[in-house]
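Structure first, then comments.
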Amino acid sequence: MPHDHLDHPHSLLPPVPALRVKALETILTNKGLIDPAALDEIIDTYQNRVGPANGARVVARAWSDPAFKAQLLADAGPLLDDLGFSGRQGEHVVVVENTPELHNMVVCTLCSCYPWPLLGLPPAWYKSDAYRARAVREPRKVLADFGVSLPQDTAVRVWDSTAELRYLVLPMRPEGTEGLSEDQLAALVSRDSMIGTAVLSPPAEVAP
Amino acid sequence: MTAAETTSLAEQAVDQTQTDQSGADLAARPEPVFEQPWHAQLFALTVHLNESGAVSWSDWVARFSAQLRHHGLAKELNGGEDYFLAWLETLETLLADQGRVAAQDAKDMTAHWAAAYLATPHGAQVHLPADLVAASAATSVGASHEAE
Chain A
0 MPHDHLDHPH SLLPPVPALR VKALETILTN KGLIDPAALD EIIDTYQNRV
50 GPANGARVVA RAWSDPAFKA QLLADAGPLL DDLGFSGRQG EHVVVVENTP
100 ELHNMVVCTL CSCYPWPLLG LPPAWYKSDA YRARAVREPR KVLADFGVSL
150 PQDTAVRVWD STAELRYLVL PMRPEGTEGL SEDQLAALVS RDSMIGTAVL
200 SPPAEVAP
Chain B
0 MTAAETTSLA EQAVDQTQTD QSGADLAARP EPVFEQPWHA QLFALTVHLN
50 ESGAVSWSDW VARFSAQLRH HGLAKELNGG EDYFLAWLET LETLLADQGR
100 VAAQDAKDMT AHWAAAYLAT PHGAQVHLPA DLVAASAATS VGASHEAE
């Protein structure tokens, strides 16, 4: 089609998939099936309000409060409801604890199920065929790709998420963090440590 | 799994590690959640349809998983643009199967949007012709495209 790039007489055409999304949105709006304002609210939530900081708060509380931790591992649902971290899709969250004997790691081999309210939306690598295929088959090699090498006698358990069931890894509390507040502890907790593709190091200031 | 793909997974992991070391603020917002505005629109559209009861999440996951498997046969998916293309195909098919949005209607409306962009002077807000937009929806549709 004729297209003068020098002075852009018309608006730049978005990529075709973007136009296809607009088309669905227009038709569904015309039929009264969706509210465009609700779409903006959902995007704002996942772009700005929900992220790994939520999961980090839960982890820091579990490290600081043994009763909270026991309840979290036994049945996380009610605690997460209280904190406002319930799943919008009605899924259940199971929290699995890392110990010196057992390292947990989470994948969704089917697609990309993930505990959104606790971690936000998954990174691209979590959705990639490479991670989804290899996490179950060769978890130690995948961990090595992430720079994680576990002691040989630490077992690795891989949890496969579903539409109904999502997992959060409770990482081991780093040494040298005694006396830190919950907020200080939460700042140490990375997203990947809660997926199980990272282990936490002692904070730099107190590391030997 | 080729060596190149392994490297790419590892590089992404390293990037993330570097981001995570920057402290609590960045841990909360470690990277752009959506690479493209349409990824965000599509995601939100699907979540909204689920929350309004039009789409059950287990049905969505079953269909999307099958679509990803189908796409993954042709090439290894990287979890980015191709992931959302599979998502888009899944939603289009689901809405067509439900009788909510016929495939031809979606195609026609896509062409209308392309025409509207080409007919709108650069910098001006893009609108569909009024006869394509339901009267009750006109205001909110316009508002949702202001950001672009």
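Residue numbers (numbering that gives the first Met the number 0), protein chains in the order written: chain A, 0 to 207; chain B, 0 to 147.
All C-beta atoms, glycine included, are put in the ideal place defined by N, C-alpha and C.
Whole angstroms are fine: how far does the CA of residue j sit from the CA of residue i?
i	j	result
A:GLY54	A:ASP128	25 Å
A:ARG139	A:SER85	31 Å
B:PRO128	B:TRP86	28 Å
A:GLY83	B:HIS47	19 Å
A:THR25	A:ILE42	17 Å
B:TRP37	A:LEU18	8 Å
B:ASN49	B:SER55	6 Å
B:ALA114	A:SER160	42 Å
B:LEU84	A:PRO16	7 Å
A:ARG131	A:SER148	20 Å
A:GLN70	A:TRP124	31 Å
A:GLN151	A:GLY119	32 Å
B:PHE42	A:PRO65	38 Å
B:TRP112	A:LYS21	8 Å
B:GLU75	A:PRO14	22 Å
Please compile the residues from chain B whose C-beta is within a distance smaller than 8 Å of the C-beta of residue i.
i	result
A:SER10	TYR116, LEU117, THR119, PRO120, HIS121, GLY122, ALA123 and VAL125
Quick check: residue i and residue j, are their CB atoms within less than 7 Å of each other?
i	j	result
B:THR109	A:HIS9	no
A:ALA213	A:GLU177	Only positions 0 to 207 of chain A appear in the structure, and residue 213 of chain A is not among them; the question remains open.
A:ASN29	B:ALA53	no
A:VAL157	A:MET104	yes
A:VAL95	A:VAL168	yes
A:LEU187	A:PRO202	yes
B:GLN103	B:THR89	no
A:LYS126	B:GLY78	yes
A:SER192	A:PRO170	yes
A:LEU117	A:ALA154	no
A:LYS68	A:ALA75	no
Mind listing the chain A neighbours of residue i? Cutoff is C-beta to C-beta under 7 Å, in chain order.
i	result
B:ASP104	ILE26
B:LEU94	LEU23
B:LEU67	CYS110
Residues of chain B with CB under 7 Å from residue i, in chain order?
i	result
A:ILE41	ALA43, VAL46 and HIS47
Closer than 8 Å by beta-carbon distance: list the chain A residues that pair up with residue i, in chain order.
i	result
B:GLN40	ALA17, VAL20, LYS21, GLU24, LEU38 and ILE42
B:VAL54	The premise fails here: B:VAL54 is roughly 10 Å from chain A at the closest Cβ pair, so nothing lies under 8 Å.
Starting from residue i, find everything on chain A with Cβ-Cβ shorter than 9 Å and list it in chain order.
i	result
B:GLY78	SER111, PRO121, PRO122, ALA123, TRP124, TYR125, LYS126, SER127, ASP128, ALA129, TYR130 and ARG131
B:VAL132	THR25, THR28 and ASN29
Measure how close the beta-carbons of residue i and residue j come, nearest whole angstrom, since I'm counting them as under 8 Å.
i	j	result
B:VAL57	A:GLU163	Looking at the sequence provided, one finds Ser at residue 57 of chain B rather than Val. Contact flag correct, Cβ pair sits at about 7 Å.
B:LEU94	A:LEU23	7 Å
A:LEU11	B:LEU44	So it is not a contact: roughly 22 Å between Cβ atoms.
A:THR196	A:PHE145	5 Å
Any heavy atom of the ligand COA closer than 6 Å to the CB of residue i?
i	result
B:ALA43	With respect to the ligand COA, the structure offers nothing, as it holds no ligand at all.
Contiguous beta strand (DSSP E) assignments of at least 3 residues, all confined to the segment 84–155 of chain A: With a minimum length of 3 residues, the continuous beta strand (DSSP E) runs that stay inside the segment 84–155 of chain A are 91–96 and 101–106.
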